[in-house]
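Structure first, commentary second.
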């Protein structure tokens, strides 16, 4: 029963709380998944899909280089070869975060994006004899639940990580991937996307972000050295950044705290280049401290209109003075691309550096409407331009300011 307020007081009216078919199916999956061991999640999903007449179920996960979708093994799942993200129905669903329907002689093949929040996990693929709007609604919600389950259960198993790997991974890269936040975050006011390369041998590069009320906190770092030494240094740098950020201190104080932490742990012979940024998502006011990185690129209407230069400071760990804070007001739709020097300083033996000018050309030719699609496209285009050469780590981190408020998302009509 429910209580409804009226002019003459309150009255109780009956509310139908009985389960419909869709609620029963999703509820059963959720109820069973709580204590289900990770290796049985995929068979459980296949079993539930079979309840609605689905067959040939596949769970496809994004590989670390973001080039293919690899099938997750498991009882009841259809296991095939990895499929290209760039030229397949599954890849279209993945990149567009939209359901793709492929007519078959005996039914319809459905490809549904698996989204954990706004981060792309992979694609759920299945075949139905026929599809109507009720099926589409139920399957969208099923795919959302499956994505959440995969992310949650990944904390208890290595199965999902192994499925995503297409090559051996170094210990340093293992550490770096474990540090990263989700590669993508999309909200009505702001969107971010990042990518690291080489995916299986990254060492000293990393990025981090957090959206706290109206402030988006961001950092991109590049620890000196290579291999495991760089990964350890990056781990301390990211840990110090998060600690200071959560203490809610200013950007200048945050830099000084990180500097003291690196210097105190490793001494004056170790350092980290970094950019620490804050964006007010209500106003578009961007602030940053640049400690040894190339200046970020401000992108408006697919054109790089300026570099965000400003007074820099010494890399973190060198004991620099209190830094000056740079500022920029963004317009709605502006994008800012932060990157590490590995992108522009790469060169063939005896040849010239790749350079910022060529980077800008690739950025301006990229036409991804979505930040995650754009940053992925730019990264892969850069790799092709450099003929696959990666003697140094490289990071891209893209932020788009959209403006407005998110208050309307707090109200839900039942």
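Numbering (our numbering), first residue to last: 1180 to 1593.
Beta carbons: idealized from backbone N, C-alpha and C, even for Gly.
Can you grab the Cα-Cα spacing for the pair residue 1288 / residue 1514, in whole Å?
Cα to Cα, the separation comes out at about 36 Å.
Counting only the same chain and skipping the five closest in sequence on each side, list residues whose C-beta sits under 7 Å from that of residue 1228.
Here the set comprises 1236 and 1305.
Give the secondary structure of residue 1252 by DSSP, where H, G and I count as helix, E and B as strand, and everything else as coil.
coil
Is residue 1246 near the ligand SAH, judged by its Cβ being under 7 Å from some heavy atom?
With respect to small molecules bound, the structure shown includes none, and the ligand SAH cannot be examined in it.
Those residues which DSSP pairs with residue 1299 across a bridge:
1294
Three-state secondary structure (DSSP) of residue 1329:
It is helical.
If contacts are defined as beta-carbon pairs under 8 Å, then residue 1247 and residue 1295 qualify, I think. What distance do you get, rounded to the angstrom?
That pair is no contact at about 19 Å.
Any chance the region 1443-1454 sits against the region 1464-1473, with 3 or more Cβ pairs inside 8 Å?
yes
Looking only at C-alpha atoms, which of 1403, 1422, 1325 and 1349 sits nearest to residue 1222?
1325
Length of the line joining the Cα atoms of residue 1312 and residue 1254:
As the crow flies, the alpha-carbon of residue 1312 is around 29 Å from that of residue 1254.
Stretch-stretch touch, CB-based, cutoff 8 Å, three pairs: the region 1365-1381 with the region 1415-1435
With the rule of 3 Cβ pairs closer than 8 Å, the region 1365-1381 does not count as touching the region 1415-1435.
Ordered along the chain, which non-local residues of its own chain (more than five positions away) have a Cβ less than 6 Å from that of residue 1406?
1351 and 1382
For a minimum of 3 consecutive residues, which ranges assigned as the beta strand (DSSP E) are wholly contained in the region 1463-1501?
1464-1470, 1475-1479 and 1482-1487
Taking 8 Å as the cut-off, decide whether the C-beta atoms of residue 1169 and residue 1458 are in contact.
In the structure as shown, the chain begins at 1180 and stops at 1593. Residue 1169 is therefore absent and cannot be evaluated.
So residue 1178 is in the beta strand (DSSP E); what residue range does that whole segment cover?
One cannot answer for residue 1178 here, as it falls past the ends of the chain, which runs 1180 to 1593.
Exposed or buried, residue 1245, counting other C-beta atoms within 10 Å across all chains shown (16 or more means buried)?
That one is buried.
Would you kindly work out how many angstroms separate the C-alpha atoms of residue 1561 and residue 1572, rounded to a whole number?
13 Å
Got a sec, what are the start and stop residues for the beta strand (DSSP E) residue 1271 sits in?
From DSSP, residue 1271 is part of no beta strand (DSSP E) but of the alpha helix (DSSP H) over 1268-1275.
What separation, rounded to the nearest whole angstrom, lies between the Cα atoms of residue 1239 and residue 1272?
The alpha-carbon separation between residue 1239 and residue 1272 amounts to approximately 11 Å.
Please report the distance separating the alpha-carbon of residue 1314 from that of residue 1400.
Distance between the alpha carbons of residue 1314 and residue 1400 is about 45 Å.
With C-beta atoms as the reference, is residue 1501 less than 8 Å away from residue 1435?
yes
Determine the DSSP secondary structure at residue 1238, reduced to helix, strand or coil.
strand
Name the one or two DSSP bridge partners that residue 1576 has.
1373 and 1517
Under a three-way DSSP split, which group does residue 1449 fall into?
In the three-state reduction of the DSSP assignment, residue 1449 falls in the coil class.
Residue of 1448, 1426 and 1398 minimising C-alpha distance to residue 1409:
1448
Given a threshold of 16 other Cβ atoms within 10 Å of its Cβ, counted over all protein chains shown, does residue 1426 qualify as buried or as exposed?
The residue is exposed, with fewer than 16 neighbouring Cβ atoms inside 10 Å.
For residue 1537 and residue 1580, believed in contact at Cβ under 8 Å, the rounded distance:
With 8 Å as the limit, residue 1580 and residue 1537 do not qualify as a contact, their Cβ atoms being about 26 Å apart.
So is residue 1559 buried or exposed if we call it buried at 16+ other beta carbons inside 10 Å?
buried
Pick from 1211, 1413 and 1386 that is closest to residue 1445, judged by C-alpha positions:
1413
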